[in-house]
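Chemist: Residue numbers for the sequence shown follow the UniProt record's numbering, beginning at 1 and rising by one.
Glycine included, each C-beta is placed from N, C-alpha and C at the ideal position.
My questions will all concern the structure given below.
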Amino acid sequence: MFIDVFVPYSFVLRIRQQHSTEMASVSLTLIERTFGKKNGRWTQTTTSLVSTGKAFSIDELDLPQSWQLELASNEGRFEIDQPIRRDWFDEYKYASPERLWELCKKLYPALSL
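Below, the structure written as structure tokens:
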């Protein structure tokens, strides 16, 4: 059984490993989702407000074991869509890419980013 939950504000962390090297690109995106009605039907709009990316060595990232397993089993791709509080969204929605990395450290303090 699936329960559909609307999450208006989220922080997306994506890790993509290049197959030929031990390097990975890490991207961070702040997302806002809104509902609206169009032609009598409900629609969901997703807006990416801030996005940034960096390249890291896989060893340098020091990923949790469960993330490493998912990265390995999903052809070098890993993604987390983390719901965040409205006040955090408001604080970071027009932030510089450096501030977005600060939010990532707040959400995932164990990561070596």
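1. Near serine 27, which residues of its chain fall below 6 Å by C-beta distance, leaving aside the five closest residues on each side in sequence?
2. Curious, which full-length alpha helix (DSSP H) runs of at least 4 residues does the stretch 2–79 contain?
3. Can you give the beta carbon distance from proline 83 to valine 12, rounded, assuming they're within the 8 Å contact cut?
4. Determine which residues share a DSSP beta bridge with proline 83 and list them.
5. Where does tyrosine 108 sit, in a helix, a strand or coil, going by DSSP?
6. When we look at the beta-carbon of leucine 69 and count the other beta-carbons within 10 Å, is it buried (16 or more) or exposed?
7. When you compare the stretch 87–97 with the stretch 15–24, are there three or more beta-carbon pairs, one atom per stretch, that lie closer than 8 Å?
8. Tell me which same chain residues have a C-beta within less than 7 Å of the C-beta of glutamine 44, skipping the five on either side of it?
Modeler: Reading from the atomic positions:
1. Cβ neighbours of serine 27 beyond the five flanking positions: Arg14 and Gly53.
2. If only complete runs of 4 or more residues are kept, the stretch 2–79 shows the alpha helix (DSSP H) at 58–61 and 65–73, in order along the chain.
3. That pair is no contact at about 11 Å.
4. Listed as beta-bridge partners of proline 83 by DSSP are Ser10.
5. Collapsing the DSSP output to three states places tyrosine 108 in coil.
6. Within 10 angstroms of the beta-carbon of leucine 69 lie fewer than 16 other beta-carbons, which makes it exposed.
7. Taking 8 Å as the limit for Cβ pairs, the verdict is that the stretch 15–24 does not touch the stretch 87–97.
8. In its chain, beyond the 5 residues on either side, Arg33 and Phe35 have a beta carbon closer than 7 Å to the beta carbon of glutamine 44.
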